[in-house]
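Engineer: Protein chains in written order, with the numbering used here: chain A, 1 to 358; chain B, 1 to 271. Don't be surprised by glycine CBs; every beta carbon is placed ideally from N, CA and C. I'd like to ask you about the structure that follows.
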Amino acid sequence: MTVTERLGRAPVAPGPRPARLRAGLLLAACACLAGAALLAVLVGPVRLGTAGVLAELAGRLPLVDVDSGLSERDAAILWQLRLPRVVLGGLVGAMLALAGAAYQGVFRNPLADPYLLGAAAGAGLAATLAIAYGPDTSSWPVDLLPVAAFAGAVAGVVAAYALGRSGGGRTATTLILSGVAVASFLTAVQTYVQQRQDETLREVYGWILGRLTTAGWSEVVLVVPYALLSAAVILLHRRLIDVLAVGDDEASSLGVRAARVRLVVVAAATLATAAAVAVSGLIGFVGIIVPHTVRLVAGSSYRLLVPLCLIAGAAFLILADLVARTVMAPAELPIGVVTAFFGAPFFALVLRTSRRSL
Amino acid sequence: MTAIGLRGVSVALDGRPVLHDLTLTIPSGARLGLIGPNGAGKTTLLRTVAGLVRHQGEVRVGDTPPGALSRRELARRIALVPQHPVVPTGVTVTDYVLMGRTPYIPYFATESRRDLGIVASALDHLDLTAFAPRRVDSLSGGERQRAVLARALAQQAPVLLLDEPTTGLDVGHQQQLLELVDALGDELDLTVVSAMHDLTLAGQFADQLVLLDGGRVAASGPTRAVLTERIISQHYHASVRVLEDPGGGIVVIPVRAAGRDAAPAGRQVAR
Chain A
1 MTVTERLGRA
11 PVAPGPRPAR
21 LRAGLLLAAC
31 ACLAGAALLA
41 VLVGPVRLGT
51 AGVLAELAGR
61 LPLVDVDSGL
71 SERDAAILWQ
81 LRLPRVVLGG
91 LVGAMLALAG
101 AAYQGVFRNP
111 LADPYLLGAA
121 AGAGLAATLA
131 IAYGPDTSSW
141 PVDLLPVAAF
151 AGAVAGVVAA
161 YALGRSGGGR
171 TATTLILSGV
181 AVASFLTAVQ
191 TYVQQRQDET
201 LREVYGWILG
211 RLTTAGWSEV
221 VLVVPYALLS
231 AAVILLHRRL
241 IDVLAVGDDE
251 ASSLGVRAAR
261 VRLVVVAAAT
271 LATAAAVAVS
281 GLIGFVGIIV
291 PHTVRLVAGS
301 SYRLLVPLCL
311 IAGAAFLILA
321 DLVARTVMAP
331 AELPIGVVTA
341 FFGAPFFALV
351 LRTSRRSL
Chain B
1 MTAIGLRGVS
11 VALDGRPVLH
21 DLTLTIPSGA
31 RLGLIGPNGA
41 GKTTLLRTVA
51 GLVRHQGEVR
61 VGDTPPGALS
71 RRELARRIAL
81 VPQHPVVPTG
91 VTVTDYVLMG
101 RTPYIPYFAT
111 ESRRDLGIVA
121 SALDHLDLTA
131 FAPRRVDSLS
141 GGERQRAVLA
151 RALAQQAPVL
161 LLDEPTTGLD
171 VGHQQQLLEL
181 VDALGDELDL
191 TVVSAMHDLT
201 LAGQFADQLV
211 LLDGGRVAAS
221 GPTRAVLTER
231 IISQHYHASV
241 RVLEDPGGGI
251 VVIPVRAAGR
261 DAAPAGRQVA
271 R
């Protein structure tokens, strides 16, 4: 009898329980997201009624016919102002948390964040160039700034990856260090351009701190394809990211092509980051705090981490945006300031109360 | 039948030759001990067989032609227990052992009942069932080594490669682990190749020995034929006495060489 037959035969009860996303946890996370989204839709300069909003939303479902009782103006606020912004915030938060978790996994580095490999520096430089020297794009079908930021983020990561590979090393550390080199260089160029064109300083600075601005649904439409694609790719690879935790060598001996898995996951995470950066600037902290909070609460397996990060990231950024646009209304705080200001103490609290260690 | 066949295998790491034109046949069901002084190429040989190192020459696994197996297929035939396994943080013993099922689980699927049954069985074989929900990074050295072995068993590979499996274990745990490997090998019909630095343990637990020195096979054959005072002193530069253990097996004792440079022998004693 072979090893296959012998080990395969043994009847065992009750059986080991691997890390799996339990339905209760998933439901709780979804409930948090729904609550955050509803709150963000209701609160603003014009308060909308809960019942009216729920009825209005339900009325859009097929085969449901209810009269929400919202005035035409309120309905327009809901559909053209609040909802697009909440959805965009959710998408950006989900993407940044997802990308952060993915980078932390494939680089086996808890300090990795979506901007690790030069995505932020690349996007920053491209956005600065677009603001400083870009042509007037008001007559164009799409704005130049998001396109430039997207391309810059992707180019930054591609440059870091190419540099890491050219050094002969395919290890995670080589890649991280090339990312550091590329990011420093691009940031230096960006700072130079920014100083030369100081009339645009304020605009560039505002972009770097991050902001969610929407004009109807166009930004959402811009981000959705990338969000869906990268989320699908990373969700499909979540079990393999878990195996990478034992290092490239052992992962290889378990049948995983570590370098290729890392490349695919980094590519997907980069698309997610670039799409988020294109519409929201450089919102910091989400990509590092959300995955770690989820880890402390739910455990470190990527099989639960990836889906929960999508949900928690969305909820976190929706709430952060709500704070950003309400505390000093009618002025808006940069959302990056809010994510750090509220995120850091919250994270410290989770860190203190959690019995798990990272 | 041949489990592993190497023909003319050479390996260079960072341009430095480590294995030279190695030819070796490992029959199925063997308990092969791989010995040799530090830096002789034992680890590199194991890694080459496991397909982790670029090499020249032929490495045959079973009856398949060299280079014909994909990474996943190779992982179903050869399980490697490294000398210093990476201990992931926050991973339970169950999930760790489940990693051994990676070459069987389709890329984008999740583990089946069958996979979990095999994990349970591997845990049971290594007496780890009670540890299943514990974190791997909270285990003691001996428990952890058993967890690594359980992961290798979950690969259901007919060939098990162990790189100095007793590193860091006390004498009792060393013995228990090797007894366990021996029993598992018998029960599951495994071919077991272990790199070992302790010659007495090698003498007790291996049927066949291959002595590597400078990346070449310096001696090979039945344990008694390889573990001789002459061969050991020649390749380890150690002065030893080889004794017959009345219970069977061989005992290698380092002795202080009078009038000679005592450093190599001293190092043996220090172990």
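Taking only beta-carbon positions, decide if B:Phe-108 is within less than 7 Å of chain A.
Structural biologist: Yes, B:Phe-108 counts as interfacial toward chain A.
Engineer: Report yes if the C-beta distance between B:Glu-164 and B:Gln-83 is below 7 Å; otherwise report no.
Structural biologist: Going by C-beta atoms, B:Glu-164 is nearer than 7 Å to B:Gln-83.
Engineer: Hey, is B:Gly-90's beta-carbon within less than 7 Å of any beta-carbon in chain A?
Structural biologist: Output row for B:Gly-90: interface = yes.
Engineer: Can you give the beta carbon distance from A:Leu-21 to A:Arg-303, rounded, assuming they're within the 8 Å contact cut?
Structural biologist: Going by Cβ atoms, the distance from A:Leu-21 to A:Arg-303 rounds to 7 Å, so yes, they are a contact pair.
Engineer: Along the chain, where does the alpha helix (DSSP H) that runs through A:Thr-339 open and close?
Structural biologist: Element bounds for A:Thr-339: 335-353.
Engineer: By how many angstroms is the C-alpha of A:Gln-80 removed from the C-alpha of A:Ala-123?
Structural biologist: A:Ala-123 and A:Gln-80: Cα-Cα distance of roughly 28 Å.
Engineer: Looking only at C-alpha atoms, which of A:Arg-211, A:Glu-250 and A:Ala-37 sits nearest to A:Pro-146?
Structural biologist: Closest by alpha carbon: A:Arg-211.
Engineer: Does the distance from the C-beta atom of A:Ala-99 to that of A:Ala-269 stay below 7 Å?
Structural biologist: Result yes, Cβ atoms of A:Ala-99 and A:Ala-269 sit closer than 7 Å.
Engineer: For B:Arg-16, does the three-state DSSP call read helix, strand or coil?
Structural biologist: DSSP places B:Arg-16 in strand when its eight states are reduced to three.
Engineer: Considering only C-alpha positions, which residue in the set B:Asp-137, B:Ile-250, B:Ala-40 and B:Ala-122 is nearest to B:Ala-12?
Structural biologist: Here the closest residue by C-alpha is B:Ala-40.
Engineer: Quick check: is the beta carbon of B:Thr-191 nearer than 7 Å to any beta carbon in chain A?
Structural biologist: False, the Cβ-Cβ gap to chain A never drops below 7 Å.
Engineer: Can you check which of these residues, B:Glu-229, B:Asp-170 and B:Ala-238, is closest to B:Glu-244 by C-alpha distance?
Structural biologist: Per the Cα distances, B:Glu-229.
Engineer: Let me confirm a value: A:Tyr-115 is counted as buried when at least 16 other C-beta atoms fall within 10 Å, else exposed. Which label applies?
Structural biologist: With 16 or more other Cβ atoms within 10 Å, it is buried.
Engineer: Please name the residues in the segment 13-44 of chain A whose beta-carbon is closer than 7 Å to at least one beta-carbon of chain B, in chain order.
Structural biologist: The residues in question are Gly-15, Pro-16, Arg-17, Pro-18 and Ala-19.
Engineer: Below 7 Å on C-beta distance, what does B:Val-119 contact in chain A?
Structural biologist: Under the 7 Å cutoff, chain A gives Pro-16.
Engineer: A:Val-256 by DSSP, collapsed to three states: which one?
Structural biologist: DSSP places A:Val-256 in coil when its eight states are reduced to three.
Engineer: Got a sec: which bits of the segment 251-279 of chain A sit with their beta carbon under 9 Å from any beta carbon on chain B, in order along the chain?
Structural biologist: Cβ contacts with chain B come from Ala-251, Ser-252, Ser-253, Leu-254, Gly-255, Val-256 and Arg-257.
Engineer: What three-state label does DSSP hand B:Ser-10 in the structure shown?
Structural biologist: Strand at B:Ser-10.
Engineer: If I follow the unbroken beta strand (DSSP E) through B:Ile-253, where does it start and stop?
Structural biologist: From DSSP, the beta strand (DSSP E) with B:Ile-253 extends over 250-254.
Engineer: With a threshold of 6 Å on Cβ separation, who are the neighbours of A:Ala-13 within its own chain once the five nearest residues in sequence on each side are excluded?
Structural biologist: Annotation note: pLDDT 49 at A:Ala-13 (below 50); position unreliable, no value reported.
Engineer: Measure the CB-CB distance between A:Gln-104 and A:Pro-307 and report whether it falls below 7 Å.
Structural biologist: No, the Cβ-Cβ distance between A:Gln-104 and A:Pro-307 is not below 7 Å.
Engineer: Could you pull the start and end residues of the beta strand (DSSP E) that A:Ser-184 belongs to?
Structural biologist: Run containing A:Ser-184: none in the beta strand (DSSP E); it sits in the alpha helix (DSSP H), 172-196.
Engineer: What are the start and end residues of each continuous alpha helix (DSSP H) run of 4 or more residues lying completely inside the segment 264-322 of chain A, in chain order?
Structural biologist: Taking only runs of at least 4 residues, the alpha helix (DSSP H) segments lying wholly in the segment 264-322 of chain A are 286-298.
Engineer: Quick one: grab the DSSP three-state call for B:Arg-241.
Structural biologist: Note: B:Arg-241 maps to strand in three-state DSSP.
Engineer: Under three-state DSSP, which class holds B:Gly-185?
Structural biologist: Helix, per DSSP.
Engineer: B:Arg-71 touches chain A at which residues, Cβ-Cβ below 8 Å?
Structural biologist: Simply Ser-252, Gly-255, Val-256 and Arg-257.
Engineer: Rounded to whole angstroms, what's the CA-CA distance from B:Leu-139 to B:Thr-89? Just pull it up for me.
Structural biologist: Looking at the two C-alpha atoms, the distance is approximately 11 Å.
Engineer: Counting C-beta neighbours from all protein chains within 10 Å, is the total for A:Glu-250 16 or more, i.e. buried, or is it exposed?
Structural biologist: Burial call: buried.
Engineer: Can you list the residues of chain A that B:Ala-50 reaches, using a CB-CB cut of under 8 Å?
Structural biologist: Within 8 Å Cβ-Cβ: Ser-253.
Engineer: So, are the CB atoms of A:Ala-320 and A:Leu-333 less than 7 Å apart?
Structural biologist: Against a cut-off of 7 Å, the Cβ pair of A:Leu-333 and A:Ala-320 comes out as no contact.
Engineer: Which residue wins for smallest C-alpha separation from B:Val-159, given the options B:Ala-120, B:Asp-127 and B:Arg-31?
Structural biologist: Nearest C-alpha to B:Val-159: B:Arg-31.
Engineer: Is there a Cβ from chain A that is less than 7 Å from the Cβ of B:Ala-150?
Structural biologist: So, not an interface residue.
Engineer: Would A:Val-86 and A:Ala-51 be called neighbours here (beta carbons separated by less than 7 Å)?
Structural biologist: Not in contact: A:Val-86 and A:Ala-51 (Cβ atoms no closer than 7 Å).
Engineer: Does B:Glu-111 pass the burial test, meaning 16 or more other C-beta atoms within 10 Å, or should it be called exposed?
Structural biologist: Flag for B:Glu-111 reads buried.
Engineer: Would a check of beta-carbon distances place A:Ser-300 closer than 7 Å to chain B?
Structural biologist: Yes, because at least one Cβ of chain B sits closer than 7 Å to the Cβ of A:Ser-300.
Engineer: Going straight from the alpha carbon of A:His-237 to that of B:Glu-179, what length do you get?
Structural biologist: Spanning the two alpha carbons is a distance of roughly 38 Å.
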